[in-house]
Amino acid sequence: MKLHFLGTGSSYPTTQRGVSATVLQHDDGSLWLFDCGEGTQIQAQRATISRQKITNIFVTHLHGDHVFGLPGLLCTISSQMALTAEEIKKRCPVVDIFGPLGIKRFINTALTTSHSPLNFHYRVNELVPEEVQYPENWEDMNAGVFTSHCHPSELSGSHIKATTDSNGNVHWQLKDDEHWNVTAGWIHHRVPTFGFVVKEKDRVGTLDKNKLLALGIKPGPVYGQLKEGKSIITEDGKTVTPHMVLGPPYPGRTVVILGDTSDASPLAHLVQSCDVVVHEATYDDTLKDKAVENGHSTPLQAVTFAKTIGAKTLLLNHFSQRYKAKCKANSKEEESISIIEEQALIASVGSSVHIQCADDMFVYDVPARSRDMLSN
Ligand SMILES: [Zn+2]
Ligand SMILES: [Zn+2]
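Read left to right, the sequence shown gives residues 2 to 377 (this note's numbering).
Structure, rendered in structure tokens:
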């Protein structure tokens, strides 16, 4: 599992830094995109990310630096699929999009007013925010975010409402299948904003070929049955259980990807520990007041949150464009994200959390967890 940082800046893209877009690449090669700011498709080309392999898109909130790239990206995915009408019918490619209420209308309006047909289907699953997430001036912007109208390539999606647990904490359940459990939690920002918690489920271990051969089991469909957790009977009548021939399972990893926030604590109850958290640090600690006033964080806040949720690694992003990439600051007077990284490192003293600022094109390989943890 890898994280590709396509855009790590805030507000607007520059020649040095793109705006929010992060790709989670799974081990099978499929790609999930988190946010899609303006210019994301150019950044994807630079990172040689195959846009046709994007199967799910998660949108943290509807500020432009997180969504303005989405309609264009969908059109490019379509044009690059190069499928015939027959193939589309047969393969039925679908991209699932998750985002706050209003994302459906945004995509629909952009695609229909620009007369953009798509070569594949997409489905929008809108997260319905809780009352507490709306700012006082929400109605001033005439925020009519709802539409039931569907683009011709759009499959009917869903409205996902919050579930409240016995402690009064809320979450939104997005996926729960054989491989993944994905939930969302709300975080403080100027508009309704979410963070996503992606939990990989434990995977079965590998078959020990030597043990299998010693038991006289030759390759065939029985290998699949054992991997599915079923016992088999050998030709000479012995019962072989999966436990006898499978190595220890591969423990699932947890990745937390947050949107813009000045305080992510409402989501903390969803994470007991995690392999990596992606948290914004728009401004450095000397500009804390400005950060909080604009719904953003500083390195100290990000580190504090990472410690709260037991993160092994904290990756910082969404930097104000005032901070240049580390290698691109031309003089000592020019601010670079080294300032942010230094402040985060100081804040983390005494903890084991690993910290790194993500520049555009940075790739983080999420380490596999020790398999002994589950086998014991
Ligand atoms: Zn932003
Ligand atoms: Zn924002």
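Cβ coordinates follow ideal geometry from the N, Cα and C atoms, glycine included.
Beta-carbon proximity of D97 to I58, cut-off 9 Å: To locate residue 97, count along the sequence shown from 1; it is residue 96. To locate residue 58, count along the sequence shown from 1; it is residue 57. Contact: yes.
Beta-carbon proximity check, L213 vs V246, cutoff 9 Å: Reading the sequence shown from its first residue, position 212 is the one you call residue 213. Reading the sequence shown from its first residue, position 245 is the one you call residue 246. Contact: yes.
Segment limits, beta strand (DSSP E) that includes G1: Lying before the first or after the last residue shown, residue 1 is absent from the chain, which here runs from 2 to 377.
Residue environment, E236, which counts as buried when at least 16 other CB atoms sit within 10 Å: In the sequence shown, the residue the question calls residue 236 occupies position 235. Answer is exposed; the Cβ neighbour count stays below 16.
Span of the alpha helix (DSSP H), counted from its first residue to its last, around S339: The residue labelled residue 339 in the question sits at position 338 within the sequence shown. Membership of S339 in the alpha helix (DSSP H) is indicated by the continuous run 338–348.
Coarse secondary structure for A282, derived from DSSP in three states: Translated into positions along the sequence shown, residue 282 becomes position 281. DSSP places A282 outside both helix and strand once states are collapsed to three, so it counts as coil.
S352 beta carbon near ligand 1 (any heavy atom closer than 8 Å): As a first step, residue 352 is located in the sequence shown; it is residue number 351 there, counting from the start. No, since every heavy atom of ligand 1 falls outside the 8 Å radius drawn around the Cβ of S352.
Span of the beta strand (DSSP E), counted from its first residue to its last, around V199: Here residue 199 refers to the residue found at position 198 when the sequence shown is read from its first residue. Annotation for V199: the continuous beta strand (DSSP E) segment containing it runs 194–201.
Any non-hydrogen atom of ligand 2 closer than 8 Å to T287 Cβ: As a position in the sequence shown, residue 287 is number 286, starting the count at 1. For T287, the CB stays at least 8 Å from every heavy atom of ligand 2.
Selected residue, minimal CA-CA separation from Y380, among Q42, D178, G217, C151: In the structure displayed, the chain extends from 2 to 377; residue 380 sits before or after that span and is not available.
Any non-hydrogen atom of ligand 1 closer than 8 Å to H67 Cβ: For this step, residue 67 is matched to residue 66 along the sequence shown. Residue side-chain check: H67 places its Cβ nearer than 8 Å to a non-hydrogen atom of ligand 1.
4 or more residues per run - each alpha helix (DSSP H) lying fully within the segment 134–160: Along the segment 134–160, the alpha helix (DSSP H) does not occur as any fully enclosed run of 4 or more residues.
Alpha helix (DSSP H) segment containing R47, residue limits: Counting from 1 along the sequence shown, the entry for residue 47 is found at position 46. Counting along the chain, the alpha helix (DSSP H) containing R47 begins and ends at 41–47.
Residue from S263, W139, P267 whose Cα sits closest to the Cα of H172: For the purposes of this step, residue 172 is identified with residue 171 of the sequence shown, where counting begins at 1. In terms of Cα proximity to H172, the closest of S263, W139, P267 is P267.
Beta-carbon contacts of D177 that lie in its chain and below 8 Å, excluding the five residues immediately before and after: Residue 177 sits at position 176 when you count from the first residue of the sequence shown. Here the set comprises V183.
Outcome for V60 when other beta-carbon atoms lying within 10 angstroms are tallied against a minimum of 16: Walking along the sequence shown from the start, residue 60 turns up at place 59. With at least 16 other beta carbons inside 10 angstroms of its own, V60 counts as buried.
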